[in-house]
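Here this note's numbering = 1-based position in the sequence shown + 13.
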Amino acid sequence: MAEQETPRAVHIVPEGQDINALLGAQSEALLEMVGPVEAGRLYLVPGSSGIAHGIFVFDPTRRDAACFGALATGLPKGTWMPMVDATTTQNCPDILSDVVLGFCMGAYRYAVGRTLSFDTKLVLPGAGVHLSPCVLPTAQGFWLGRDLINQPANLLGPKELAESAAETLRAHGATCTLLSGEALEYAYPCLAAVGAGSDRPAHVVLAQWRGSCAGESAPLLSLVGKGVCFDTGGYDIKPASGMLRMKKDMGGAALMLALAHVIMAMDLPIRVEIRLGCVENSISGHAMRPGDILETRAGLSVEVGNTDAEGRLVLADLLTEACESKPDWLLDAATLTGAARVALGPDLPALFSNNAEWAQILLSAAEAEGDAMWQLPLWHGYNAWLRRKNAHLGNVTDKPMAGAITAALFLQHFVEPTVKWAHIDTYAWNDSAAPGRPEGGETLALRALVAATLRMINENAGFAQA
14 MAEQETPRAV HIVPEGQDIN ALLGAQSEAL LEMVGPVEAG RLYLVPGSSG IAHGIFVFDP
74 TRRDAACFGA LATGLPKGTW MPMVDATTTQ NCPDILSDVV LGFCMGAYRY AVGRTLSFDT
134 KLVLPGAGVH LSPCVLPTAQ GFWLGRDLIN QPANLLGPKE LAESAAETLR AHGATCTLLS
194 GEALEYAYPC LAAVGAGSDR PAHVVLAQWR GSCAGESAPL LSLVGKGVCF DTGGYDIKPA
254 SGMLRMKKDM GGAALMLALA HVIMAMDLPI RVEIRLGCVE NSISGHAMRP GDILETRAGL
314 SVEVGNTDAE GRLVLADLLT EACESKPDWL LDAATLTGAA RVALGPDLPA LFSNNAEWAQ
374 ILLSAAEAEG DAMWQLPLWH GYNAWLRRKN AHLGNVTDKP MAGAITAALF LQHFVEPTVK
434 WAHIDTYAWN DSAAPGRPEG GETLALRALV AATLRMINEN AGFAQA
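In structure tokens, the structure reads:
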């Protein structure tokens, strides 16, 4: 029987705390060598036979579990145990949960079809250690969403995305239906028009789930995700540079599926409905064209001004149907506009909402978690830009401004005014690696959305058990 490895300690220390005692007799020489002690840095302290232990310094004034991802990539191979002193635990009660979540976020590697082995492992300090119940489900959600976004489009088309989502949802006991063909064309005519250009049929995932402690009248959270598995731009074709990463255009669906997984794995006392529109925006004789007028489930007609503004056409019918269930809260996510990235960059998802309470819950949760979103206005004055002579709406405007706002305003036309709705315009990608954020697909705002859901329950903000 192999001898079990003795874990080495990695001390988790707030910035400003004296670390001389942890450095030992060599403290002066080591500090002279490594420079100032700064948050986000990992220090490896040598011993007589290699690295004796580690010290990771974090910023106690700004919570961000992702920073602890540096442990997964920076610690030498072996088994490590995070050590937190009593004062730090008292001041930062969730610190160990954040360490574990951040480590899991940082350890992620895309390896679908391959076997992963991990040389660096983290073990907990033993009995009496309390982790937040959302830590492991959230870590799983990150890996689930990232795997889907990173999948190349030849392996993950609309059918494969729908089937993968259904497998995840059914594993939690959700009732799940996949629609395609004539049934989809009848129920979601606008979405079907987007998928018509591809020889890979569009699919819609419909799922319902209820927590074991939730009654039949428990509050309902409705999740809607854009799942464009590849976006050529259609006849308004993207340039090569703009098409390179378009496997990630289903990032909104991946985020909503990841959130649903966390909610269901935690068995939260609510009802959830999930709608994912899985399509490919391609070019063929059957593809929609600029100038086409499309019908929608809501009865509004839409003139196609640009075939590369297809995401809002996918969401329109799904939002209409979601409102038919009269949800207490409605949330959609999509890689919708480049304009949101111009305004906010790659790390900040744009948030739009028709309800101040809903928006505040999301924003306060994002701030508390260090998982930022930024609210942009649903400025009604720009609705005039969407009006058309030959249809109720255009899917784009002829203005080179406010593209993220007008896209959100377009979606609002398919949301009942009485429904509390929020829309997240996300990038779903890390352009370069950072602690806890490996390069590639990303479920941006997942931690914030999990925290917001828990706040809605714990603060009785419309989510009291029924």
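Using N, Cα and C, we set each Cβ at its ideal position, and we do this for glycine too.
Separation of the CB atoms of G265 and A175 is rounded to 14 Å, and the pair is thereby denied contact status at 8 Å. By the CB criterion at 9 Å, C226 and L169 fall outside the cutoff.
Taking V112 as reference, the option from D244, D345, T151, K433 with the minimal CA-CA separation is T151. Look at C189 here: in three-state DSSP terms it is strand.
Straight through space, the alpha carbons of E323 and G210 are spaced by roughly 12 Å. Boundaries for L144: no beta strand (DSSP E) harbours it, and the DSSP string shows neither H nor E there. The criterion of a C-beta distance shorter than 9 Å is not satisfied by A166 and L114. Around Q425, the same chain offers N367, L391 as residues with beta carbons nearer than 7 Å, after the five sequence neighbours per side are excluded. Distance between G126 and S145, taken at the CA atoms: about 31 Å. Segment contact: the region 427 to 443 against the region 368 to 385, three or more CB-CB distances shorter than 8 Å; contact assigned. Cβ-Cβ distances below 8 Å link K134 to G91, T92, W93 in the same chain, with the five nearest sequence neighbours on each side left out; the list follows chain order. Around the C-beta of H274, 16 or more other C-beta atoms lie within 10 Å, and the residue is accordingly described as buried.
Take the alpha-carbon of L332 and the one of V237: they are about 7 Å apart. For H299, the secondary structure class from DSSP, reduced to helix, strand or coil, is coil. Between the alpha carbons of N408 and E28 lies a gap of roughly 50 Å. Residue nearest to V50 within the set F71, G247, L467 is F71 (criterion: CA-CA distance).
Here D345 is bridged, per DSSP, to V237, H436. Residues P171, K172, A175, L191, S193, C291 of the same chain have their beta carbon placed closer than 6 Å to that of H216, with the five preceding and five following residues left out of the count.
Here the alpha carbons of G449 and M277 stand approximately 24 Å from one another.
Within the same chain, L422 come within 6 Å of N396 by CB-CB distance, once the 5 residues on both sides are set aside. DSSP, read as helix, strand or coil, puts Y123 in coil.
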